[in-house]
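Participant: Below is the structure I would like to discuss, written out as structure tokens.
There are 2 protein chains.
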Amino acid sequence: MTAEFSFTLLGTDGGARTGLVRTLHGEIRTPAFMPVGTAATVKGLYPEQVKEAGADILLGNTYHLMLRPGAEEIAALGGLHKFMRWDAPILTDSGGFQIMSLSKLRKITEQGAVFQSHIDGRRHELTPERAMEIQRLLGSDIQMQLDECLMYPHTEADAERAMQLSLRWAERSRIAFGRQPGRGNFGIVQGGINERLRRESAEGLVGIGFEGYAIGGLAVGEGQNLMLETITHTVPHLPVAKPRYLMGVGTPEDIIEAVARGVDMFDCVMPTRSGRHGQAFTRFGKINLRNAKHAGDSRPLDAESPCPAHAHYSRAYLHHLVRSGELLGMMLLSWANTAYYQQLMKGIRDSIATGCFEEFRHQTKEQWKKGDVSV
Amino acid sequence: MTAEFSFTLLGTDGGARTGLVRTLHGEIRTPAFMPVGTAATVKGLYPEQVKEAGADILLGNTYHLMLRPGAEEIAALGGLHKFMRWDAPILTDSGGFQIMSLSKLRKITEQGAVFQSHIDGRRHELTPERAMEIQRLLGSDIQMQLDECLMYPHTEADAERAMQLSLRWAERSRIAFGRQPGRGNFGIVQGGINERLRRESAEGLVGIGFEGYAIGGLAVGEGQNLMLETITHTVPHLPVAKPRYLMGVGTPEDIIEAVARGVDMFDCVMPTRSGRHGQAFTRFGKINLRNAKHAGDSRPLDAESPCPAHAHYSRAYLHHLVRSGELLGMMLLSWANTAYYQQLMKGIRDSIATGCFEEFRHQTKEQWKKGDVSV
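Keeping their order, the protein sequence lines are chains A and V.
One point on numbering: in the numbering used here, the residue at position 213 of the first sequence is 213, and numbering is uninterrupted.
Heads up: take any position in the second sequence, counting from 1, add 1000, and you land on the numbering used here.
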């Protein structure tokens, strides 16, 4: 527990940084990967498994939680931490991304977003002020501004319009956030893949002043090269003394490359979504358990992993569970992947702290090539 | 570990019995409820959770396992115990019930059953000899004879024909079982709801001689009254010194009533299937978490239960998970129900051992009436 939200930079290695974010509900070691708990649950995992895997913080989705069960309902039950039995830090997004990707018949105005729920078609309005109010009701430790997020490709004119709107919404969000000791409010840099727009967005946000800065509007179809270029263009315009969060990213390789460019925080549904679809992330790369070649393979995914889902179950059994559509298959692979992502982040942090991030980056990628091999 | 399969009757209280079955993979305290691990997994539970809930033994389905991944495939991987990470006793059924309830275009002859897989439509044959061979390959501790099981209603002539066929198959199964130290072979009493047929079936099986006797062909649509009557008619014809297993039963009330009539072993998919459908079994009866009245209820299912799924999660959260179709909802309720069934069996065993089964039976039923109440 700490009275004030803070970020301490503990070390750097090239462009990579390691540090510590302090929040009301505890500390976050960075670079950090936040498992996604969309509907107040990291899909297929018990909260204890998420914590034991090494996660310091998880992410909840404002869009989903406002629709079901509702922000006021969660507040009445004591807040999101208590509701989902997670007493460590929680970051909530603002709903902007899901309004773009999930909702129907959305309409964006200066005031905010009006959209239809993807669950029951009911009409909802989300303004910058309401997005902050919802996050305050949820009680999250890091609360994101409402932004307008575009899919790729889009015109430069659209990117500029959405970036400017997001900047005005940032100011309204910041005012609505108010003062919440131990909690932080992050602005979101937009501007598509345009270097000038990204710079203007970052400078605008820094002018307002936030506890942290996110890079939004990436991993939306532009591909890894353009994503990394955009990160490279954006990071120099963000304050060194504040955490930097790359939203919705990504593969293990995306993460290592973004860390090399100075990013501190990540979130992605990939570990659990891939797990539900029969894919395992391991030190030896991604393994597709649906593949018939695993049917007779008595080896575990990784005998040396501390995660039981990696170390104790045979590939043959996992293959059988996946082919049979069994819940346990989804549970084990979601667990294994969540654990692998945390193991990767620990490796990244340790290597930065000891000045051997470049070596770690190289060795980790070499190891991934051992890949999806049969006996 | 024990060299010989055995059953020790430790105590009786009225018609109810408590005892100990010894097998190659350990002991089974009776009355016992066997969680169903159809496809080599108790749906939605880690094997450790099944064990910690108090289960001494679980059931695997020959029909499912022969179709996927295959008996020879499991044998090549070291047997079913190793495959599914369960080192305690396993009972496998013979496939007869699933051929009746799941397969397509089945044809029963004197030789055996020919049927089409419900998975891919492929043609399979299951004879009494092959059913035993499969169970030997799986390595189960209790292996069931192949029988012909009828749905209710059926004609008495059909019941007699199927019972006589099952008796001839029992003899062939017994020969095929051979000698397997530490493992047991159970015969299955058939005969519908007809007292004479049940007696003839039981006497025929006792004449062959098995390590235990199952009562099959019940809980197939006849209702609780006829089921309990049939048990009452059948049990007197079974040897006191052998375990008695009522197949596919049932609700907590069915179990208590069958125990009162001298049954020692049970299996049913109800705890996990109900759990996947939003229903919780507790000391206070069955609770339907889908019901809107639970939305604001911060109480757990049962604060005094040793199972975290009962004690640590609010009804409001469980309601939210069920409504949202989240895996964690299915996981928690399947776990809670599996734990409740084992708690019930422990209560039954302890009450028989201390001579107060009647009191336990009465109090437990009274407690269930407190039921599905809101705050």
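Cβ atoms here follow ideal geometry from the backbone N, Cα and C, with glycine treated the same way.
Shorter than 8 angstroms from the beta carbon of V:PRO1069 to some beta carbon of chain A?
Facilitator: Looking up residue 1069 of chain V in the second sequence gives position 69. Taking Cβ atoms only, chain A reaches closer than 8 angstroms to V:PRO1069, which makes this a yes.
Participant: Roughly how many whole angstroms lie between the Cα atoms of A:ILE215 and A:ILE28?
Facilitator: Your numbering for residue 215 of chain A matches position 215 in the first sequence. Your numbering for residue 28 of chain A matches position 28 in the first sequence. Going by the C-alpha atoms only, they are around 19 angstroms apart.
Participant: Using beta-carbon positions only, say whether A:THR92 and A:HIS64 come within less than 8 angstroms of one another.
Facilitator: For the purposes of this step, residue 92 of chain A is identified with residue 92 of the first sequence, where counting begins at 1. For the purposes of this step, residue 64 of chain A is identified with residue 64 of the first sequence, where counting begins at 1. No.
Participant: Would the region 348-358 of chain A and the region 262-275 of chain A be scored as touching if the rule is three or more Cβ pairs under 8 angstroms?
Facilitator: Contact fails: fewer than three Cβ-Cβ distances are below 8 angstroms.
Participant: Using a cut-off of 9 angstroms between C-beta atoms, extract the partners of V:MET1330 located in chain A.
Facilitator: Within the second sequence, residue 1330 of chain V is the residue found at index 330, counting from 1. Within 9 angstroms Cβ-Cβ: LEU327.
Participant: Suppose the cutoff is 8 angstroms on Cβ atoms and the five residues either side in sequence are ignored; what does the same chain contact list for A:MET66 look like?
Facilitator: Here the question's residue 66 of chain A lines up with position 66 in the first sequence. Excluding sequence neighbours, A:MET66 sits near GLY95, HIS124, LEU126 and ILE134.
Participant: Does the pairing of the region 212-231 of chain A with the region 183-194 of chain A give three or more beta-carbon distances under 8 angstroms?
Facilitator: Yes, they touch.
Participant: Please say whether A:LEU333 and A:GLN367 have beta carbons closer to each other than 8 angstroms?
Facilitator: For the purposes of this step, residue 367 of chain A is taken as residue 367 along the first sequence, with counting starting at 1. For the purposes of this step, residue 333 of chain A is taken as residue 333 along the first sequence, with counting starting at 1. No, Cβ-Cβ distance for A:GLN367 and A:LEU333 is not below 8 angstroms.
Participant: Please name the residue in V:LYS1104, V:PHE1177, V:LYS1051 and V:GLY1079 whose C-alpha comes closest to that of V:GLY1139.
Facilitator: Here residue 1139 of chain V refers to the residue found at position 139 of the second sequence. For V:GLY1139, the nearest C-alpha among the options comes from V:GLY1079.
Participant: What are the partner residues of A:PHE281, as DSSP defines its beta bridges?
Facilitator: If you number the first sequence from 1, residue 281 of chain A lands on position 281. Bridge partners of A:PHE281: A:LYS286.
Participant: Just to confirm before moving on: does the CB-CB distance between A:ALA316 and V:LEU1077 stay below 8 angstroms?
Facilitator: Taking the first sequence and counting its residues from 1, one reaches residue 316 of chain A at position 316. Taking the second sequence and counting its residues from 1, one reaches residue 1077 of chain V at position 77. Result yes, Cβ atoms of A:ALA316 and V:LEU1077 sit closer than 8 angstroms.
Participant: Are the Cβ atoms of A:ARG206 and A:PRO239 separated by less than 8 angstroms?
Facilitator: Here the question's residue 206 of chain A lines up with position 206 in the first sequence. Here the question's residue 239 of chain A lines up with position 239 in the first sequence. Per the sequence shown, residue 206 of chain A should be read as Val rather than Arg. Yes, they are a contact pair.
Participant: Going by Cα to Cα distance, which pick from A:ASP254, A:LEU45, A:ALA170 and A:ARG199 is closest to A:GLU222?
Facilitator: Translated into the one-based positions of the first sequence, residue 222 of chain A becomes position 222. Answer by Cα proximity: A:ASP254.
Participant: Flag A:SER94 as yes if its beta-carbon sits less than 8 angstroms from any beta-carbon of chain V, otherwise no.
Facilitator: On the first sequence, residue 94 of chain A is found 94 positions in, with the first residue counted as 1. Not closer than 8 angstroms to any Cβ of chain V, the Cβ of A:SER94 fails to qualify, so no.
Participant: So that I know if they touch, is there some Cβ in chain A lying closer than 8 angstroms to that of V:ALA1053?
Facilitator: Position 53 of the second sequence, counting from 1, holds the residue named residue 1053 of chain V. Cβ-Cβ to chain A under 8 angstroms: no for V:ALA1053.
Participant: Would you kindly work out how many angstroms separate the C-alpha atoms of A:GLY19 and V:GLY1329, rounded to a whole number?
Facilitator: If you number the first sequence from 1, residue 19 of chain A lands on position 19. If you number the second sequence from 1, residue 1329 of chain V lands on position 329. Taking the straight line from one Cα to the other gives about 36 angstroms.
Participant: Could you compute how far the alpha carbon of A:GLY371 sits from the alpha carbon of A:LYS51?
Facilitator: Indexing the first sequence from 1 puts residue 371 of chain A at position 371. Indexing the first sequence from 1 puts residue 51 of chain A at position 51. Their Cα atoms are separated by approximately 27 angstroms.
Participant: Quick check on this structure: which residue in A:ILE231, A:GLN145, A:LEU321 and A:PHE97 has the alpha carbon closest to the alpha carbon of A:GLU211?
Facilitator: As a position in the first sequence, residue 211 of chain A is number 211, starting the count at 1. Of the listed residues, the one whose Cα sits closest to A:GLU211 is A:GLN145.
Participant: Would A:TRP335 and A:LEU45 be called neighbours here (beta carbons separated by less than 8 angstroms)?
Facilitator: Working through the first sequence from its first residue, we reach residue 335 of chain A at position 335. Working through the first sequence from its first residue, we reach residue 45 of chain A at position 45. Against a cut-off of 8 angstroms, the Cβ pair of A:LEU45 and A:TRP335 comes out as a contact.
Participant: Under a CB-based cut-off of 8 angstroms, is V:MET1066 close to chain A?
Facilitator: Residue numbering aside, residue 1066 of chain V sits at position 66 when the second sequence is read from its first letter. Taking Cβ atoms only, chain A never reaches closer than 8 angstroms to V:MET1066, which makes this a no.
Participant: Chain A beta carbons: is any one of them nearer than 8 angstroms to that of V:SER1314?
Facilitator: For the purposes of this step, residue 1314 of chain V is taken as the residue at position 314 of the second sequence. Yes - at least one Cβ of chain A is within 8 angstroms of the one on V:SER1314.
Participant: Could you tell me how far apart the beta carbons of V:GLN1180 and V:ARG1136 are, in whole angstroms, since I believe they sit closer than 8 angstroms?
Facilitator: Counting from one through the second sequence, the residue named residue 1180 of chain V turns up at place 180. Counting from one through the second sequence, the residue named residue 1136 of chain V turns up at place 136. Contact holds; Cβ gap of about 7 angstroms.
Participant: At a CB distance below 7 angstroms, what residues from the region 26-43 of chain A approach chain V? Give them in sequence order.
Facilitator: Listed by position, the residues of the region 26-43 of chain A near chain V (Cβ gap below 7 angstroms) are ALA39, ALA40, THR41 and LYS43.
Participant: Are the beta-carbon atoms belonging to V:MET1345 and V:ALA1032 less than 8 angstroms from one another?
Facilitator: Within the second sequence, numbered from 1, the residue matching residue 1345 of chain V stands at position 345. Within the second sequence, numbered from 1, the residue matching residue 1032 of chain V stands at position 32. A contact, by the Cβ cut-off of 8 angstroms.
Participant: What residues of chain C sit near V:ALA1076, judged by a beta carbon separation below 8 angstroms?
Facilitator: In the displayed structure, chain C is absent; the protein chains listed are A and V.
Participant: Hey, how far is the Cα of A:ALA71 from the Cα of V:ARG1290?
Facilitator: Numbered from 1 along the first sequence, position 71 holds the residue referred to as residue 71 of chain A. Numbered from 1 along the second sequence, position 290 holds the residue referred to as residue 1290 of chain V. So the alpha carbons of these two residues sit roughly 20 angstroms apart.
Participant: I believe A:PHE5 touches A:THR30 by the beta-carbon criterion, under 8 angstroms. Please report the beta-carbon distance rounded to the nearest angstrom.
Facilitator: Counting from 1 along the first sequence, the entry for residue 5 of chain A is found at position 5. Counting from 1 along the first sequence, the entry for residue 30 of chain A is found at position 30. The pair is not a contact, with the Cβ atoms about 14 angstroms apart (cut-off 8 angstroms).
Participant: For A:VAL104, count the other beta carbons within 10 Å of its own beta carbon; 16 or more makes it buried, fewer makes it exposed. Which is it?
Facilitator: In the first sequence, residue 104 of chain A corresponds to position 104, counting from 1. The sequence given here places Lys at residue 104 of chain A; Val does not occur at that position. So A:LYS104 ends up on the exposed side.
Participant: Measure from the C-beta of A:ILE287 to each C-beta in chain V and report whether the shortest distance is under 8 angstroms.
Facilitator: Within the first sequence, the letter at position 287 stands for residue 287 of chain A. Not closer than 8 angstroms to any Cβ of chain V, the Cβ of A:ILE287 fails to qualify, so no.
Participant: Hey, does A:GLU129 have any beta-carbon neighbour from chain V nearer than 8 angstroms?
Facilitator: Translated into the one-based positions of the first sequence, residue 129 of chain A becomes position 129. Answer no: the Cβ-Cβ gap between A:GLU129 and chain V never drops below 8 angstroms.
Participant: Span of the alpha helix (DSSP H) holding A:SER173?
Facilitator: The residue you call residue 173 of chain A lines up with position 173 of the first sequence. 156-177 is the span of the alpha helix (DSSP H), which, as asked, contains A:SER173.
Participant: Applying a beta-carbon distance threshold of less than 8 angstroms, which residues of chain V neighbour A:MET84?
Facilitator: Locating residue 84 of chain A in the first sequence gives position 84, counting from the first residue. Those within 8 angstroms of A:MET84 in chain V are TYR1317.
Participant: Report the residues of the region 1158-1182 of chain V with a CB closer than 9 angstroms to any CB of chain A, ordered along the chain.
Facilitator: Hits within the stretch: zero.
Participant: Just reading off the beta strand (DSSP E) that V:SER1006 is part of, what are its end residues?
Facilitator: Residue 1006 of chain V sits at position 6 when you count from the first residue of the second sequence. Unbroken beta strand (DSSP E) run through V:SER1006: 1006-1013.
Participant: Which full runs of the alpha helix (DSSP H) of 4+ residues lie inside the region 72-121 of chain A, going along the chain?
Facilitator: Within the region 72-121 of chain A, the complete alpha helix (DSSP H) runs of at least 4 residues are 80-84 and 96-101.
Participant: If you measure from the beta carbon of A:SER324 to each beta carbon in chain V, is any gap under 8 angstroms?
Facilitator: The sequence position of residue 324 of chain A within the first sequence is 324, counting from 1. Yes, A:SER324 lies at the interface with chain V (some Cβ there is under 8 angstroms from its Cβ).
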